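For reference, the structure is listed below as structure tokens.
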Amino acid sequence: DGDHGLFLGENFAAVTGNAKAYNSGNLNSDRIPGTERHLINLQYSNTDFLGQDLVAQVYYRDETLTFYPFPTLAGKAPNYYVSSIGASQQKTDFYGGKLTLNSKPVDALTLTYGIDAEHESFNANQQFFNQAKAQQSGG
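The numbering used here puts the first residue of the sequence shown at 1, with every later residue one more than the last.
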């Protein structure tokens, strides 16, 4: 949490198999790993709307996921090397609405009908970091 991150060793030694990774309290990155979510949901119901039950709902949700910077390996065993270091981020926006009517035309039958509409957008990107700085700082 906060400024804690995975220390991969100088020159990414933990990634190439020459050291062990450990938790460090000195994370300094343009992208801090984490998740942020927001949700709004509004609902209305009326049990006597033209002799039927009415339920209406509108909603909105957004979410941002930022992942920990991690190196990409290249080469063949045992000569692996780090070719780049980057972190991805994903953003999702989702909104919609529902409207249902419930009626009972006869005692033995309940009829539900309505409309449901939604929209979702998704965007993802990858940010690459200065490899020389990352090698010196352990990732």
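All residues carry an ideal CB built from backbone N, CA and C; glycine is no exception. Predicted model, so just to flag it, every value in this text is computed and none were measured.
Residue i classed as buried or exposed, judged by whether at least 16 other C-beta atoms fall within 10 angstroms
i          : result
residue 74 : exposed
residue 15 : buried
residue 8  : buried
residue 82 : buried
Reduced DSSP secondary structure (H/G/I, E/B, other) of residue i
i           : result
residue 133 : helix
residue 12  : helix
residue 30  : coil
residue 76  : coil
residue 104 : strand
residue 4   : coil
residue 21  : coil
Expected contact under 8 Å - CB spacing of residue i and residue j to nearest Å
i           : j          : result
residue 127 : residue 77 : The Cβ separation is near 29 Å, so there is no contact.
Residues that residue i bridges to, as DSSP identifies them
i           : result
residue 86  : 70 and 128
residue 93  : 62 and 121
residue 109 : 106
Counting pairs of beta carbons, one from the segment 49 to 69 and one from the segment 94 to 107, are three or more of them closer than 8 Å?
The segment 49 to 69 vs the segment 94 to 107: in contact.
Evaluate contact between the segment 6 to 13 and the segment 32 to 47, counting only Cβ atoms and requiring at least three cross-stretch pairs below 8 Å.
Between the segment 6 to 13 and the segment 32 to 47, the count of C-beta pairs closer than 8 Å stays below three; the two stretches do not touch.
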